[in-house]
Structure formats: C-alpha cells, structure tokens
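So the structure is just underneath, and the comments pick up after that.
There are 2 protein chains.
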Amino acid sequence: MSYSELTKEQLLQELSQLKAQYKGFVEKNLSLDMSRGKPCTEQLDISSPMLNVLCSDDLCISEQGFDCRNYGILDGIPAAKELMSHMLQVKPEQVFVGGNSSLNMMFDTIACFMTTPAAEGATPWFCVEDRKFLCPVPGYDRHFAITEYFGFQMIPVPMTEAGPDMDMVEKLVSSDPSIKGIWCVPKYANPTGITYSDETVRRFANLKPAAKDFRIMWDNAYCVHDVSDESDSLLSLMEECEKVGNADLPLVFSSTSKVTFPGAGVAAMGASENNMKILKKRYTTQTIGSDKLNMLRHLIFFKNFEGIKSHMQKHKAILKPRFDVVINKFREHLSASEIAQWTTPRGGYFVSIDVFPGTAKNVVKMCKEAGVVLTGAGATYPLGVDPEDKNIRIAPSYPSINELKLAMEVFCTCVRICAIEKLVG
Amino acid sequence: MSYSELTKEQLLQELSQLKAQYKGFVEKNLSLDMSRGKPCTEQLDISSPMLNVLCSDDLCISEQGFDCRNYGILDGIPAAKELMSHMLQVKPEQVFVGGNSSLNMMFDTIACFMTTPAAEGATPWFCVEDRKFLCPVPGYDRHFAITEYFGFQMIPVPMTEAGPDMDMVEKLVSSDPSIKGIWCVPKYANPTGITYSDETVRRFANLKPAAKDFRIMWDNAYCVHDVSDESDSLLSLMEECEKVGNADLPLVFSSTSKVTFPGAGVAAMGASENNMKILKKRYTTQTIGSDKLNMLRHLIFFKNFEGIKSHMQKHKAILKPRFDVVINKFREHLSASEIAQWTTPRGGYFVSIDVFPGTAKNVVKMCKEAGVVLTGAGATYPLGVDPEDKNIRIAPSYPSINELKLAMEVFCTCVRICAIEKLVG
Chain V
1 MSYSELTKEQ LLQELSQLKA QYKGFVEKNL SLDMSRGKPC TEQLDISSPM
51 LNVLCSDDLC ISEQGFDCRN YGILDGIPAA KELMSHMLQV KPEQVFVGGN
101 SSLNMMFDTI ACFMTTPAAE GATPWFCVED RKFLCPVPGY DRHFAITEYF
151 GFQMIPVPMT EAGPDMDMVE KLVSSDPSIK GIWCVPKYAN PTGITYSDET
201 VRRFANLKPA AKDFRIMWDN AYCVHDVSDE SDSLLSLMEE CEKVGNADLP
251 LVFSSTSKVT FPGAGVAAMG ASENNMKILK KRYTTQTIGS DKLNMLRHLI
301 FFKNFEGIKS HMQKHKAILK PRFDVVINKF REHLSASEIA QWTTPRGGYF
351 VSIDVFPGTA KNVVKMCKEA GVVLTGAGAT YPLGVDPEDK NIRIAPSYPS
401 INELKLAMEV FCTCVRICAI EKLVG
Chain F
1001 MSYSELTKEQ LLQELSQLKA QYKGFVEKNL SLDMSRGKPC TEQLDISSPM
1051 LNVLCSDDLC ISEQGFDCRN YGILDGIPAA KELMSHMLQV KPEQVFVGGN
1101 SSLNMMFDTI ACFMTTPAAE GATPWFCVED RKFLCPVPGY DRHFAITEYF
1151 GFQMIPVPMT EAGPDMDMVE KLVSSDPSIK GIWCVPKYAN PTGITYSDET
1201 VRRFANLKPA AKDFRIMWDN AYCVHDVSDE SDSLLSLMEE CEKVGNADLP
1251 LVFSSTSKVT FPGAGVAAMG ASENNMKILK KRYTTQTIGS DKLNMLRHLI
1301 FFKNFEGIKS HMQKHKAILK PRFDVVINKF REHLSASEIA QWTTPRGGYF
1351 VSIDVFPGTA KNVVKMCKEA GVVLTGAGAT YPLGVDPEDK NIRIAPSYPS
1401 INELKLAMEV FCTCVRICAI EKLVG
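Chains as they are written, first to last, in our numbering: chain V, 1 to 425; chain F, 1001 to 1425.
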C-alpha cells in the first residue's frame, strides 16, 4: 500500500519491521562493491582468448604491411579506424584511434580547446572567464569532473525519456555564447539507460549555437551494449549534422572498454575535417601513436563489426539476469509503497532510481554501513550536488547474482526506512 | 689532406671525382630511411616472446590480487612502479606509470602547468605572456615541438661534452622568472650521445631559479641503452635534488619504447610529492588508468631490472656494429678533409655530426635526391633553425649493415661536395 495513504502509526509499525530486517543484514557483515560500472570476472574471461592472438611475429604486421611493434601511424591502423567507425557511426576517415581510454580522449579534446581556438576566429576557452557547459542530469560523474577541472560553470539540463530537455538546450545554446558544449551519452545513457530519440538527435544536429565554438561531446560508450532482447537504435549524429551543414558540431567517442577489457581496450573518436585538423595538431605533438599491437589484437579477435556484435551477446547473457534482479527486487519491495521511480533500461550499465526526495544520501550511507557500497548520492549531478537528493545510480554488473539479490534487498530496505523517517518527520 | 690547404684547382678536381661518385649512387635508385631513431626488425624480434606471456587468465592477476584486465589503479601496478623506478632513478613511490609514450607524459605535464599553477602561488603558464623554455642544442625536435605548441619562446643553450653550458643555464634561470623550464636528455643525449657529468647533474640540482615554478624536464630515454662495452653512468637527479631540498625541480621520464616495442612499450614518470599531487589531480580526471596488462607483460617477461639490463645486451649486439659503421665511414671519408666534427657515443640512438657550416640543408637535400632520407637539417634546433646550418643527426638503427654502409658513403660524398662548393664559392 502506498506510504502516502498509511497513518503515522502504520508507518511506524512498518519502520520497526524494516529496522529489524536491516539489523539482520548488518549482522551478515556483507562486503559488496557496486560503486562503479565495472564488468565482472565472468565478463572479462570471455575476452581472454584475445590476449594470445598475436602468437607469431608475422601477425604483428598490418594489412598495409606496417610493423605494428614499431613507431608510427598517429591516428591508428586503417583497419582499426574502419572497425571503430561502426561504433562511432562516422566514416572511417573521420576516425582517430587512441589508447585504452575514451575518457582520456574527451579530456584531451577539452584540454585542447582550453588553450587553442576550437574554431577559426574563436578564443581559447581558458580566456573565456564565464565559460559554461551543459550537463544533462542525472549524468556521468567523470564527464562533469572534466569540465569542473577546467573551471566551467556547469548548467544542469533535465533528462527526459527522449534525451535532454531539447527546448531548454536550444534556448540556452542559441542565446549564450559562453556556453561551449554539452555532455551526452546518447545510447543507454549513464545512468538512466534511455536512448535519445530520432527527434532529439535531429534537434542536436540542427542547433544554432551563439558560440561558433560550441561542441557536442557525444560519448557513445554503450553503442553495442544491450541487456535486453529488444535493443534501442540511435541515429548517427554525424550524419544528421552533415545533412544540415553542421559537421563541426559533434565530437563522437567510444571504446571497447566494456567490450573486451576495461583496463586494456581500444578507444576512438570521430570528428569533422576541421575539428580533426585542430586536434591532430595537438596529437602529433603529444605522441607518435597509440598502442597498435592492441588494435591488432582486437582486429584479429573480432575480424569485423559483426564479430563485436556477436561477442556482445555473451556480455548480454551475463548482464541481463543481473538487470532482471535489480528491476524485480525494486518491483517486489518498492512498488507498493510508491516512494520511488526507476528506469528499466534495454542496455548500458546502470539502473537509475529516484528514491524519496531528501533521502538519497541517507540511503547510500545506510547501505554502506550494512556493507553495500553504492555510487555516492549526488554523483550523477555536477559538483556532486543533487538538489532534490533523490537520484541513485545502481551498477549491477560486478556482483554475483546472489550477492546482487542480497544487496538489492538491503537497498530496498534502506530506501523504505529513509522514506518513512522522512514522512513521519 | 685538409681541404683548407688545397688550392682551388685541387678542390675542383676533387669535386669532379666526388660528383662522378654521387652520380653512381643516384643511379642505384636507393630507398633508405634513416630519418628517425627507429629500432630495426631484428631488435623488435628479440622482444616478441613478451607478446605471449599472458597465456592464462590467472596470469592477469597482479601480485596484490588485482585483476589487471579491469578498471583501476591510476598510477600503475606496484611492481611496475618498482621496475620503472630503476630506469627513472627515483623511489618506487615517486613513480607514475603511464601508457605507451613518455612523450605523451611530458606533453601532459606541460599541458597541466599551462592551465594549473605548477607551484603554490604560481601563475598558470598560459597567463605568462613571455613564457620561455631553455633548449640545449643540438637537441630533440619532439621536445622543442611541445614548447613550440604551447607558445614558449625557446632559448637555445649550447651543449658541451659534459652537458648543457651550465654557466649560461645558471645565469638565465636565476635572473629571469619567465623561464619556466629546460629540456634535458641526460644520458646518451639526443643527438650528441654525451652523458651529463656528475658536476652538471649537481649544478642542476642546486639551481636557484627566479621562477618558483621552474621545472627540469629530465628525459632519461636512454638510461640502459649502451652501444659500447664501456657504459656511461649518470647521477640520479632526484637524489641530488633531495639532498639540497630542491625535490620539486625535476620531472623525470623514461619508457621501454626502445627496450621492448616503440609502439607498445610502457612509459613512466618520477616526481616529488608536491608535483605528483598537482599532476595526479589532472590524471585522475583524465583517465581511470593506463594499460595494466601491458605492464604485466613487461613484468613477467623481465622479472626485474636485471632482466631489462641483460635484455639490453641483445640490443647492443645489434646496434654496436651499426654505430661502428657510421664512425668508421666518417673516419675513412671525412677525417682527412677536416671539414666535419662528430661524436662517438657509447650509447643512445644517434651520432651527431657538424658538417661544413652553411651546408647541412644542402647535404640532406642531396642525400634525399640519392634516395637516402636523413633527419631534416635544423631539426635539432628549436623551430628547426640551426643558425650555422651545420648539424645533422644520424640514426643508424633501422637500416641493415649493408644499407648503412652505402648510406654513409652517399652521405660522406655529399658532405664533401657541399663543403667544396662552399669553399670555392
């Protein structure tokens, strides 16, 4: 029954039952870390055969006859550019293949524009004192940390079922030239799991920014990461931008961190010719080239994009039951009380839940005291400040199914306790 | 006989013989690339067994029980920090292990200080309009390219047999607060091959810079790279700095690019606690961590620093005969004429030669026309401008012995032709 319909007495009775449950959990001395979207060991094992594919010297030679052990090839071997182009939804010639971290490429992109104009005639962002960045919320803490590091004022934009609130984005971007960009995870968004609608993508492509150096940081991290048998589809932002002559707007990123190994994947970015020219001027000064042997490992292991897609079926088989546990536990323990709303993603790494307003921090604290470490409350907001203190990101991938069931029971108990305590004052 | 003692007639006669020789070379249609310090295939092959050491899942677990396939460990696995500490001549806890490129770590260090104060109370270098950097010459073009990219005025400092001219360094650094750093390759310097003397290292450690954020960029790229049976030894700059309370002065870099694979080695830096705090604030925003599987590969392959040193004996066996060819050809073809001076390094990747002043560009051009591509003349100077147009960097590692013999004959012929043409006006 909805908590809003219970009397104070009924609530207090429920509270005392829940507290007894919680005490039981604490006595189990649990130690579960669900703080990050970290693949589990079972997931890592499915890619381990990739470690041994470079088993003779001649396999270190690329199709073009280039010895990948040696120096050279700033933007990645051509076959790797082709492979990554499918993840980025851009043309192979628009791809730059980097090291093991797309976050690093995003950081370097912002860093580049801090000291170098991002467009002809523009000012380096370091010189724009009131520089601002749009941050769809809830969103990804590591994105926000980059713009925080570089001193941007961050403007939260609410997420809807179809992506960021585009009315607000259009209004802000077209009116304020100090707004230099926006962070996006367009498919299976971190943490809500929603995918931007075709209309949202087209509205992004058609933006008319007041700043000529406004850029869309399009982190397509979960482009092939279904956790359901129905997968979402996402329009190519680059293609939509090209159609309307806005090719310099987007900078697109992805990686195989959650395809092969989080610690040793291959990252890549896609950009227009103009943007690439500016970024390559930096990269050519910064490095001779990223690890081409690791690119080759991926190429030999996957052969082509179809290989990646069929590999992702194995991840789905491991992840789907974990997502099901989370959603089922929520339904079982949180539906009746009507104190929380959550998403049911078809892909990605997270479930986003809004608990009773003003209780998220307490829920995370109580869970921690019972040995269940969650992503910090507020992490999904710029500077870690969730104004309503209600959003929590659940990362189901790392624990075992049984651990996850237990963790979700602890979590749901804490959500209900905190809600009642708030309700009864 | 010295060209300075020949009559004009004798010189012209010599010239006509040399031109006939040159014509013979051109007709061979050579195609030799000696432009970069690139290891040869034979050298790459000696490290190939490293590619297959991660042959089972359990080997991906570090000594501390950490699964190196997954996310985590920003500054590198502890055993990798220990291994690299010997190359950097710093304590393991002062090490940060990066990706495959120490150049990238140097770039990121300068980039960090461009937008963040390098010392408490200092100004980000981007705001220092007349920012300057000292560049020992001849030196490494990729170093100079970094400070050029970030808009530093570069002040050349002549190299001596013992390192940079320290009288000049001390005078400049103590008097001008806009001088923010100096580039150094302290052992087997690029390109002269000399190693800084103990006195030079101590004078560096005892610098009293006018700028509190002056930093020594100490690129110990060739720390274990002997090409002779007598090896040079280098004092630890960090230790010398610590002795005199100057631990924040140096930033030390090295990598296994020329130990294992140029394209897939492991890079690392060493820094004081203060410096590391500033840099880690950046790195923690930039990445979750570099490729730990590649660190593990190196650890399993080498076991310890002794393993690296004995591995380097194999490189020496391949490189020493190549360096001998260069020096012997110089002696054979250039000694008598007394028109050039060169170094005879005991390690590193280069031989530096000063040809007849005003002819270096022509020599490189003539060589190219005969199919022998050298490092561009001037490359060893900031902005590519060698004021006397005389220094050329020879990179003997990549060609075969026979190719190298031929290339050096072409080169010596060109050096003599250009000198005579200059002499006879």
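Cβ coordinates follow ideal geometry from the N, Cα and C atoms, glycine included.
- Not flagged as an interface residue toward chain V: F/A1395, since no C-beta distance is shorter than 8 Å.
- Taking 8 Å as the threshold, the shortest C-beta distance from F/K1038 to chain V falls below it.
- Restricting attention to F/P1138, F/F1133, F/N1402 and F/I1401, the CA atom closest to the CA of F/G1181 is found in F/F1133.
- Non-local C-beta neighbours of F/L1296 in its own chain, meaning closer than 6 Å and more than five positions away in sequence, comprise C1068, ordered along the chain.
- In the three-state scheme derived from DSSP, where H, G and I count as helix and E and B as strand, V/T160 is classed as strand.
- Excluding residues up to 5 positions away in sequence, L74 lie with their Cβ nearer than 7 Å to the Cβ of V/T284 in the same chain.
- Residues of the segment 209 to 236 of chain V that bring their beta carbon within less than 8 Å of a beta carbon in chain F are absent altogether.
- If the five residues before and after F/Q1021 are omitted, its C-beta is found closer than 7 Å to the C-beta atoms of T1413, all from its own chain and listed in chain order.
- In the structure shown, the three-state DSSP call for F/D1058 is helix.
- Chain F has no Cβ within less than 8 Å of the Cβ of V/M154.
- Spatial neighbours of F/P1177 in its own chain (CB-CB distance under 7 Å, excluding positions within 5 residues in sequence) are listed in chain order as A1210 and A1211.
- Counting only runs that start and end inside the segment 160 to 229 of chain V, the alpha helix (DSSP H) elements of at least 4 residues fall at 166 to 175 and 198 to 205.
- Among the residues of the segment 74 to 99 of chain V, those with a Cβ less than 9 Å away from any Cβ of chain F are G99, in the order of the chain.
- Listed as beta-bridge partners of V/Q153 by DSSP are V/K132.
- For V/F305, the enclosing alpha helix (DSSP H) covers residues F305 to L334.
- Under the criterion of beta carbons closer than 8 Å, V/T109 and V/L279 qualify as touching, at roughly 7 Å.
- Contact check for V/A268 and V/V95: beta-carbon distance about 6 Å, within the 8 Å limit, so the pair qualifies.
- DSSP places V/R393 in the uninterrupted beta strand (DSSP E) bounded by N391 to I394.
- Counting only Cβ-Cβ distances below 8 Å, F/A1268 has no contacts in chain V at all, with the closest Cβ about 15 Å away.
- For a Cβ distance threshold of 9 Å, nothing in chain F lies close to V/A118: the least Cβ distance comes to about 15 Å.
- From the beta-carbon of F/R1069, the residues of chain V found nearer than 8 Å are L44, S47, S48, F261, P262, G263 and A264.
- For F/N1104, a Cβ of chain V is located within less than 8 Å of the residue's own Cβ.
- Contact annotation for V/C55 against chain F: L1051 and N1052 [CB-CB distance below 9 Å, chain order].
- Among the CB atoms of chain F, one or more fall inside 8 Å of the CB of V/L293.
- Counting every other CB atom within 10 Å of its CB across the protein chains shown gives F/L1103 a total of 16 or more, marking it as buried.
- Between V/E403 and the set V/N29, V/D198 and V/V157, the nearest pair of CA atoms involves V/N29.
- Remark: fewer than three beta-carbon pairs, one from each stretch, lie closer than 8 Å, so the segment 162 to 178 of chain V and the segment 331 to 341 of chain V are not flagged as touching.
- The beta carbon of F/M1114 falls within 8 Å of a beta carbon belonging to chain V, placing the residue at that interface.
- In the structure shown, V/F25 falls within a helical segment according to DSSP collapsed to helix, strand and coil.
- Distance from F/D1354 to F/K1329 at the Cβ level is roughly 16 Å; contact not present, criterion being Cβ atoms closer than 8 Å.
- According to DSSP, F/V1363 shares a beta bridge with no other residue.
- F/M1159 places its beta carbon 8 Å or farther from that of F/W1183.
- Listed as beta-bridge partners of F/L1032 by DSSP are F/V1372.
- Per DSSP, V/V415 is not a residue of any beta strand (DSSP E); the alpha helix (DSSP H) it occupies stretches across I401 to V424.
- A residue is called buried once 16 or more other Cβ atoms fall within 10 Å of its Cβ, and F/D1232 is buried on that count.
- F/A1080: not part of any beta strand (DSSP E); member of the alpha helix (DSSP H) spanning P1078 to L1088, first to last residue.
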